[in-house]
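Heads up: the sequence shown runs through residues 119 to 318, numbered per this note's numbering.
Note that CB positions come from ideal geometry on N, CA and C, so glycine has one too.
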Amino acid sequence: MRYLSIDIEATGLNANDYMIEFAAVPFDTKSKSIETHLSHQWKIKCPSWEQLLPSLNPWVVEHNENMIKEAHLKGIGLTKFKEELTFILKSKEYQDFFGSEKIILFGKSMNAIDLPFMNRDLGWEWMREHFSHRVLDFSSVTYSAMDMGLLPTGCESGSFLMNYLGLGTVAHHALEDAINTAKMYFLLLDRYENLVPSDS
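See the structure below:
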């Protein structure tokens with residue numbers, strides 16, 4: 119299967135928070151290859167740090183000040199971001215890689231974070247035009263692996279799982295996290311492949 123691994127950095131996880139970074143990189147589970155030459159990352163403009171500060175949660179205040187300031191100063195608007203992402207998705211390189219099928223999105227928290235932000239900011243109809251209604255949420259895969267005893271309890275945490283699989287720490291930068299999530303999925307597939315196949 120081929121997927122588009124995405125990652126979003128935001129000013130928080132609430133309904134009124136802003137996307138400030140978005141990255142996408144295609145990967146292939148058959149060849150276990152990550153197509154980094156087809157990767158893209160955007161900084162998306164948001165209000166100023168001073169304007170956002172009263173509504174930010176403590177973790178964001180501690181860790182994301184520089185990223186928010188950079189997004190405010192250097193980020194592009196949502197309309198421009200949508201235009202550029204549309205151009206990439208329609209490019210010959212992406213069409214050649216994904217074929218005629220709608221692209222299946224993959225991410226570490228697709229249902230809880232990525233899809234709500236994308237549906238809100240890019241529009242439901244635009245999302246349905248470019249992406250399959252099916253997604254691969256890595257957090258769901260992780261819970262399944264824990265249920266089957268392939269991972270220890272605690273691996274629902276991205277930072278715990280990264281460390282457990284020997285990949286270091288979560289970068290909290292969209293492109294690096296999108297790549298690392300695909301790498302973690304490959305490592306879990308290796309564990310699944312060692313299971314006894316079903317007779318059905």
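Taken in chain order, the complete beta strand (DSSP E) segments of 3 residues or longer contained in the stretch 237 to 302 are 249 to 255.
The beta carbon of residue 309 sits closer than 6 Å to the beta carbons of 268 from its chain, once the five residues preceding and following it are set aside; these are given in chain order. When DSSP states are grouped into helix, strand and coil, residue 185 belongs to the helix group.
Residue 217 and residue 138 have their alpha carbons spaced roughly 30 Å apart.
DSSP places residue 131 in the coil class of the three-state scheme, outside both helix and strand. Along the length of the stretch 145 to 210, whole beta strand (DSSP E) runs at least 3 residues long occupy 158 to 161, reported in chain order. Between residue 174 and residue 183, the alpha-carbon positions lie close to 10 Å from each other. 8 Å or more divides the Cβ of residue 212 from the Cβ of residue 256. Taking C-alpha positions only, residue 161 is separated from residue 266 by approximately 38 Å.
A direct Cα-to-Cα measurement between residue 298 and residue 258 gives close to 17 Å.
One alpha carbon belongs to residue 126, the other to residue 225, and they sit about 9 Å apart.
Around the Cβ of residue 295, a 10 Å sphere holds 16 or more other Cβ atoms; the residue is buried. Of all alpha-carbon atoms in 291, 271, 158, 178, the one lying nearest the alpha-carbon of residue 205 is that of 158.
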